[in-house]
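K.L.:
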Amino acid sequence: MLPWLIKRILMLVPVFLAVSVVIFSILHFIPGDPIDNLLKIGSSPEARAEMEARYGLDRSLPVQYGIWLSNVLQGDLGTAIVARRPVADLIAQALPHSLRLGGLALLFSTVVGVTLGVVAALSRDRWSDRAIMGGVLVGSTMPSFWLGLILILVFSVSLGWFPVSGARGWQSLVLPVLTIGLGGTALVARITRVSMIEASGRDFVTLLHAKGLSPLRIQLRHVLRHALIPVVTILALRIGWILGGAVTVEVVFARPGLGTLLIKSLAQHDYPVVQACLLMLAMAVMLGTLMGDILQALMDPRVRAAMT
Amino acid sequence: MTRLFRKTLLSASVSLAALIAAQAATAQEAVFVMATNEVGAPTYNPIKATMLNTATGLIFDRLVSQAADLSYHPWLAESWEEAPDGMAWTFKLKQGVTFHNGEPFNAETVKGWLELFKTTEGENGYMAEAIASVEVVDEHTVKFVMARPEPNLLYNLSSTFMGVVEPKSFAALGDNYGVTEVYGTGPFKLESFAIGQETVLVRNEGYTWGPEVAANHGPAKVERLTFREIPEDSTAFLELKTGGVDFLLSVPADLMGEVQKEANLAVLTMPGQDVWYMPINVTKAPFDDIRVREAAAKAINQEEILASVFGGVGAVADTFLISALPESHVPDGAKIKFDPAHSNALLDEAGWAMGEGGVRMKDGQPLKVTLWTQSDSIFRRLTEVVQAQLKAVGIEAEITTFDSSMIRDQYKTGEQHLAVRSYNWDNADIVDWFFGGDRLGYPNVSMFNDPKAEELRAAAMTGAKNMDERIANFTAYHEYVLTQFPMAPIYQPVQAMAYSTDRIALPEKIDAPAFGAAAFLDLEVKE
Amino acid sequence: MSALLELQSVSVSIGKVALLDGIGLAVERGQILGLVGESGSGKSLTAMAAMGLLSLIGGRVTAGVVRFDGQDMAAMTEVQRRKLRGRRIGFVTQNPMTALDPVQRIGEQVDIVSRLHLGLSRADARARTLHLLTQLRIPEAATVAEAWPHQLSGGMKQRIVIAMALAGDPDLIIADEPTTALDVTVQAQIIQILGNLVRDRGVSLLLITHDMSVVAQVCDRVAVLYAGRVAEEGPVSPIFAAPAHPYTAALIGCIPQEGMAKGSLAGIPGAVPSAMTFPAGCRFHPRCPRASAACCASQPPILPRGEGRVACHHPEVAA
Amino acid sequence: MIAPLRAFRHPQGGLAGCWLILVIAAALAAPLLTPYAYDVQNLPQAYQPASARHWLGTDEFGRDLLTRLIYGARTSLSVSATAISISVLCGMVLGAAAAWFGGWLDRAVTMVVDLSWSFPEILIALILVAIIGPGTTGVMIAIAVAYIAQFTRLTRAQIMMLKGETFIEAARSLGAGNAHILFRHLLPNALAPVLVSAMLATGDAIILEATLGFFGLGAQPPVPSWGGMMSAGSALVFKAPWVIVFPGLAVAVTVVAINLYGDALITELDIRSRLRREA
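Chains as they are written, first to last, in my numbering: chain X, 2 to 309; chain H, 348 to 874; chain W, 127 to 445; chain L, 20 to 298.
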């Protein structure tokens with residue numbers, strides 16, 4: 002498995018390079034110039050040129066890219082143009098918040114989603130199945146900012162259980178995690194249910210029944226195990242999705258995090274920060290795919306076999 | 348290795364002590380929410396920044412303080428004297444003052460600071476422009492040699508931008524100054540700062556040199572202040588309502604009623620320093636025609652806006668300056684007031700005839716203009732009303748919303764016809780800032796560059812030998828600008844703050860134009 | 127003593143579609159009953175009905191009785207039925223490639239049967255598994271027990287499935303086309319193994335197949351199924367000597383040769399009609415060389431004939 | 020083309036279909052349905068709760084909320100549907116080309132698609148709006164691009180699956196050219212799953228449009244869109260909750276309806292397994 006892992010990681014290198022090119026170049030299409038924020042109004046073109054030189058914006062794009070990439074590889078994400086401090090500091094401030102929120106949301110949607118999916122699959126086509134899948138559908142069709150606002154209105158304003166905004170203590174995580182988690186729950190529950198039903202129809206399940214095993218044991222010990230393989234793969238693939246998808250929720254709850262940092266920097270044309278944020282997300286995505294593959298291998302001997 | 352170990356141990360014990368101290372201090376701490384127009388200030392560097400928040404004024408003291416009646420009083424300067432010809436100022440400095448990093452405050456540091464202020468690249472240099480050089484008379488006396496008389500000097504010295512900076516650390520820290528570390532002489536020290544999120548200040552225990560206008564000269568009564576930045580007013584209000592924060596440094600007019608509904612919340616109002624207005628781009632057709640500008644300006648129904656958008660709190664604006672300033676007292680004829688009949692007549696006269704669908708037409712072209720605003724909800728709401736009011740005289744305005752931090756760049760393109768903006772300043776030199784011919788694009792969003800105005804502007808900015816002359820010159824400049832209709836004044840709010848009466852005890856009187864150092868020195872937290 | 131497994135006029139439907147119509151057959155103790163028919167004639171459904179597993183595919187018995195060892199399966203609780211499955215009835219599936227849980231080791235999949243039904247400990251169950259595997263002539267049984275299903279060949283997997291069926295020490299094995307998915311050489315081995323089981327262990331066997339040659343090889347009796355009905359049933363030798371039903375005759379007449387498509391009978395034109403379009407009268411009549419007006423009009427009753435039974439309006443006419 | 024009608028026979032599909040028809044009809048006939056204009060302010064009437072005159076109440080400018088909701092449907096539905104149509108067209112071309120020509124093109128397309136699929140649509144759209152600029156057109160293009168990956172993936176998978184089928188082999192052996200096979204055989208057969216998932220994606224696009232509207236990036240005032248209405252209402256949620264509750268419900272109910280109807284359609288077209296492979 003180790004050679005496979007090394008090969009797999011090496012395969013990420015061209016992907017990383019491609020992503021870095023996309024991230025680097027896309028931002029140069031954004032109209033507006035961060036230098037404008039820095040220059041004294043009415044500054045001379047010389048002052049402007051000097052400022053551009055200072056941030057390396059006067060070189061050709063490929064050269065800028067080369068410099069940027071080599072800096073990034075050395076762990077230097079540059080200096081934020083508007084915030085005037087190392088981008089790494091900003092990321093270091095934001096990332097823990099995002100990881101906490103994203104991680105908990107992932108955990109929530111996995112646990113709740115799988116549970117609901119299993120219950121729905123076991124009670125297939127009965128009212129409990131319909132109720133769960135209906136609830137899940139409705140849950141997934143509510144815009145997350147709207148859901149967040151409604152949750153604030155109910156649980157913070159009316160009931161006073163949780164803080165309205167910010168990131169102070171675990172209480173402030175409950176509503177944001179719930180807001181993001183509910184959307185993810187729908188996805189997980191749906192995939193779990195479908196995979197369970199699909200797996201239940203497989204030949205080996207008939208034989209398990211013929212062996213006299215109890216249906217519950219068959220469902221939980223065998224069918225669920227198979228059903229979880231796609232669930233885990235998709236969840237791992239969606240790590241970046243969950244981190245980035247927290248944007249709206251972070252804004253609604255006025256929480257610090259990669260999303261708010263990205264939105265703000267995007268609005269301010271603070272290239273180095275936007276680039277770093279996107280790079281972080283892209284790396285989370287790549288890491289997610291890798292983890293998905295590893296988890297799949299751990300869960301399925303056939304995949305393991307294909308690796309060697 | 349051992350040194351490293353000892354260092355680690357030391358820092359660990361220090362941080363543990365700090366932690367325990369922080370725990371003990373929780374009783375004497377309060378959480379504030381920054382005013383929405385101060386959200387996102389990137390630095391606490393008063394020399395470089397174009398935007399400074401309330402916390403800056405608590406870190407840095409100024410030489411001069413201002414009372415509610417706008418008169419000047421001692422702070423770091425005990426007394427001062429202006430030469431009869433206005434060409435020199437002598438300041439006697441308070442003794443025993445130290446910076447947060449232990450450096451002494453004296454004539455040398457004032458000289459060092461002002462040199463930094465004049466030489467550092469930034470937009471604030473004009474405030475010290477009239478000072479030719481600084482002479483150290485003795486350790487506690489400093490003399491400003493002037494290049495020209497500057498009646499506005501005391502105002503400038505009382506502004507947060509001229510908070511006295513410790514020069515050595517400023518030079519040493521470079522770009523990190525004001526971001527990671529910052530040293531002033533103020534009643535509070537910076538503990539932590541996350542841009543756009545939160546600033547924590549702790550009490551300067553040795554502080555005894557508070558401004559004359561404060562009852563308590565130090566140290567402050569509250570040990571620890573947390574300033575949260577919440578961009579959305581309604582979120583901030585809900586935080587206050589649910590006890591998440593103790594004090595909102597700004598409350599929009601439409602939420603004041605909501606605050607008053609709550610038994611344990613109260614509103615604090617102070618005279619406003621803001622003006623909301625609609626800049627009109629004079630270079631962009633059809634607004635290159637002064638008649639069309641006047642028509643647009645007079646289509647704005649300030650009374651309706653005051654009543655409906657701002658719940659009747661505050662006052663209408665009919666000049667560009669807050670009415671507390673003497674320079675705002677221009678003849679009635681120069682004031683810009685709602686007059687739809689006149690607007691319609693002017694548009695007819697300019698050849699814009701009323702067309703179908705209520706939009707005026709000329710040469711087959713509809714009277715369609717762009718109207719820019721920023722994404723904060725109050726701006727969007729006001730802009731929509733402005734849009735409807737323009738529509739009423741046949742001008743169709745198309746709104747484009749920009750992020751508030753981005754809109755300044757956008758103005759530099761000069762592509763907008765109209766915009767809705769606000770400023771916060773209590774000095775007449777704001778007319779120069781927004782209509783000076785050398786600041787086209789931004790801040791001169793109106794792209795106003797008029798030879799006569801430039802003459803009047805020079806006289807107002809640099810030609811006055813004393814305050815009376817300055818007021819007269821600025822009034823003339825202001826009046827002329829108004830008659831050219833490069834903008835339409837809309838509204839002047841009051842400064843409204845909201846706080847929890849369970850948690851906060853305000854001083855009886857806040858003798859300052861704004862809720863700053865003086866108020867924070869006297870403020871108490873209830874147990 | 128009654129038959130070990132007995133189906134009396136069993137009808138089965140899935141949803142509203144009636145698929146089996148009055149099936150009657152019996153597996154005597156120590157005997158092998160061959161159940162023959164083309165694809166779609168209802169063989170597997172009969173097996174599921176015998177196992178009491180129709181609910182898995184959404185089917186149910188609408189009429190008739192399934193008796194195992196004299197007991198009515200319908201009268202049992204689900205738990206009782208579960209105790210029959212694996213313990214007294216072993217099941218060998220059609221496709222060994224998909225019959226094993228791909229993410230569980232071979233040994234564990236066999237062990238569970240004896241642990242569950244015979245109450246053996248983990249270690250004893252493993253010992254029994256290894257013993258069974260050895261008996262089924264699986265080389266290096268211990269290694270195989272630790273292997274994953276994907277590491278084994280089809281024939282090997284089918285032996286594992288047979289081992290699983292035997293692990294509970296059953297009285298009856300139902301083998302649903304156990305050789306269809308396998309190579310011809312392997313097919314012979316598997317059939318031989320199954321045949322030996324009956325001889326050596328006294329197990330009864332319900333062998334479902336479409337292959338008349340297999341029936342001729344190992345079965346004591348044979349039941350021919352066509353479109354959800356029993357066409358003919360009886361001891362193997364008389365039927366092979368003189369099949370009464372034209373369908374039986376056709377089946378015998380075209381014992382598949384190598385290279386023929388599986389599941390089809392090239393000798394008989396047409397195909398088994400689907401359950402939605404069963405013709406009236408004798409369901410075989412559209413393909414039957416002897417078909418008469420009576421065949422179109424009415425369904426032939428199943429009547430005793432010699433030691434067996436046949437359902438045909440024209441059983442006398444020689445093929 | 021009968022399947023869309025047959026989907027009405029499912030109780031949920033029928034109900035959902037009726038709601039969708041209702042919403043679309045209301046959006047089309049907006050001026051006939053309401054006596055109010057969506058943009059005329061009546062400031063003294065601001066923040067009125069539901070009443071006989073204003074069935075859903077009024078917003079912060081005293082405008083009738085129901086009127087704005089109906090006109091808002093115009094914006095929200097047309098932006099989402101147009102965006103998804105563009106997306107489907109581009110995705111089908113890309114996916115078909117990748118599947119058909121294979122090789123480096125396929126690898127490149129697959130990589131880009133896989134990667135962008137892992138990013139939330141909202142992020143892609145936000146960045147694109149930053150590039151294009153706010154407003155209806157910007158949002159439309161942003162949404163379109165954000166969903167291209169999904170349809171490229173789906174089309175590619177369908178074509179890959181169909182490529183191996185006998186009728187394609189038959190066409191090829193009859194001497195049909197690439198273009199002929201691609202346009203006459205492969206794409207039409209791949210169409211049903213793509214169209215159904217396009218319909219489902221339109222639901223997601225409505226949410227995305229609303230979210231962009233919430234960030235103030237969608238239709239500019241006074242033109243109403245569901246997201247824009249909620250964005251304005253979010254500041255007043257405790258004062259006039261109806262301003263945000265009703266547009267939110269409109270989004271949720273419409274998207275649920277699209278999903279239920281789509282589900283019925285999938286059942287009718289019997290393409291569940293073909294879609295699932297792509298889930």
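We put the CB at the ideal spot given by N, CA and C, even for glycine.
Everything numeric in this text was worked out from a predicted model, so none of it was measured.
Can you list the residues of chain L that V732(H) reaches, using a CB-CB cut of under 9 Å?
P.N.:
Under a criterion of Cβ atoms nearer than 9 Å, the residues of chain L adjacent to V732(H) are, in order, Q60, L62, F80.
K.L.:
Mapping the DSSP letters down to three states, classify W274(W) as helix, strand or coil.
P.N.:
In the three-state reduction of the DSSP assignment, W274(W) falls in the coil class, being assigned neither a helical nor a strand state.
K.L.:
So with Cβ pairs under 9 Å, would you call R213(W) a contact of chain X?
P.N.:
Put simply, the CB of R213(W) is near chain X, with a gap under 9 Å to one of its CB atoms.
K.L.:
Looking only at C-alpha atoms, which of D695(H), E801(H), L595(H) sits nearest to A642(H)?
P.N.:
D695(H)
K.L.:
Classify M177(W) as helix, strand or coil using the three-state DSSP reduction.
P.N.:
helix
K.L.:
Starting from T747(H), trace the beta strand (DSSP E) in both directions and tell me its first and last residue.
P.N.:
743-749
K.L.:
Once the 5 residues before and after S360(H) are set aside, which same chain residues still bring their CB inside 6 Å of it?
P.N.:
Note that S360(H) scores 48 on pLDDT, short of 50, meaning its location in the model is unreliable; the coordinates nonetheless yield the value given after this. No residues qualify anywhere along the chain.
K.L.:
In chain L, which residues lie with their C-beta within 7 Å of the C-beta of G655(H)?
P.N.:
The question names Gly, but residue 655(H) in the sequence shown is Ser. Here the neighbours are L62, A65.
K.L.:
Rounded to a whole number of angstroms, what is the C-alpha to C-alpha distance between D271(X) and R101(X)?
P.N.:
Straight-line Cα distance between these residues: approximately 25 Å.
K.L.:
Buried or exposed: where does P427(W) fall if 16 or more other Cβ atoms within 10 Å of its Cβ makes it buried?
P.N.:
exposed
K.L.:
If we define contact as Cβ-Cβ less than 9 Å, is D756(H) a contact residue for chain X?
P.N.:
yes
K.L.:
D302(W) lies in the alpha helix (DSSP H); which residues open and close that run?
P.N.:
D302(W): not part of any alpha helix (DSSP H); member of the beta strand (DSSP E) spanning 298-302, first to last residue.
K.L.:
Under 8 Å: do the stretch 380-394 of chain H and the stretch 67-77 of chain X share three or more Cβ pairs, one atom per stretch?
P.N.:
no
K.L.:
Return the bridge partner residues of M844(H) from the DSSP annotation.
P.N.:
L615(H)
K.L.:
For K258(L), which residues in chain H fall below 9 Å Cβ to Cβ?
P.N.:
By Cβ distance, chain H contributes S581, D601, L602, G604, E605.
K.L.:
Would you mind sorting A228(X) into buried or exposed? The rule is 16 or more other CB atoms within 10 Å of its CB.
P.N.:
buried
K.L.:
Grab the span of the beta strand (DSSP E) containing Q721(H) for me, first residue to last.
P.N.:
715-721 is the span of the beta strand (DSSP E), which, as asked, contains Q721(H).
K.L.:
Just mark G533(H) as buried or exposed, buried being the case when its beta carbon has 16 or more other beta carbons within 10 Å.
P.N.:
buried
K.L.:
Does the separation of the CB atoms of A168(L) and V215(L) fall below 9 Å?
P.N.:
no
K.L.:
Leaving aside the five residues before and after F446(H) along the sequence, list all residues of the same chain whose C-beta is less than 7 Å from its C-beta, in chain order.
P.N.:
F452, E513, Y530, G531, T532
K.L.:
Any beta-carbon of chain X closer than 9 Å to the one on T156(L)?
P.N.:
no
K.L.:
Determine, for T261(X), whether the minimum Cβ-Cβ distance to residues of chain H falls below 9 Å.
P.N.:
yes
K.L.:
Where does E228(L) fall in DSSP's three states?
P.N.:
It is helical.
K.L.:
Please specify which runs of the beta strand (DSSP E), each continuous and at least 3 residues long, are wholly inside the stretch 185-233 of chain W, giving them in chain order.
P.N.:
185-194, 215-218
K.L.:
Which word fits T301(L), buried or exposed, when buried means at least 16 other C-beta atoms lie within 10 angstroms of its C-beta?
P.N.:
As displayed, chain L neither begins before 20 nor continues past 298, which places residue 301(L) out of reach and without an answer.
K.L.:
Anyone know if the C-beta pair for M617(H) and P790(H) falls short of 9 Å?
P.N.:
no
K.L.:
Which same chain residues end up closer than 6 Å to A372(H) when comparing Cβ atoms and leaving out the 5 residues on each side of it in sequence?
P.N.:
For A372(H), the pLDDT reaches just 41, beneath the cut-off of 50, and the residue's location in the model is therefore unreliable, leaving the point undetermined.
K.L.:
Hey, S722(H) and F234(L): beta-carbon distance below 9 Å or not?
P.N.:
Contact: yes.
K.L.:
Just to confirm, are D227(W) and Q220(W) a CB contact at a threshold of 9 Å?
P.N.:
no
K.L.:
Smallest Cα separation from M808(H): which of P798(H), V778(H), A414(H)?
P.N.:
Comparing Cα-Cα distances from M808(H) to each of P798(H), V778(H), A414(H), the minimum goes to V778(H).
K.L.:
With 16 other CB atoms within 10 Å as the buried threshold, where does G194(L) fall?
P.N.:
exposed
K.L.:
Have a look at K568(H) and L596(H) and give me their C-alpha separation to the nearest angstrom.
P.N.:
18 Å
K.L.:
Return the first residue and the last residue of the alpha helix (DSSP H) that M434(H) is part of.
P.N.:
Where M434(H) is concerned, there is no enclosing alpha helix (DSSP H), given that its DSSP letter is neither H nor E.
K.L.:
Starting from K645(H), follow the beta strand (DSSP E) in both directions and report where the run begins and ends.
P.N.:
Per DSSP, K645(H) belongs to no beta strand (DSSP E); it is in the alpha helix (DSSP H), 637-645.
K.L.:
Mapping DSSP to helix, strand and coil, what is W623(H)?
P.N.:
In the three-state reduction of the DSSP assignment, W623(H) falls in the strand class.
K.L.:
Going along chain L in order, which residues have a C-beta closer than 7 Å to the C-beta of M308(X)?
P.N.:
The contacting residues do not exist; M308(X) stays about 19 Å from chain L at best.
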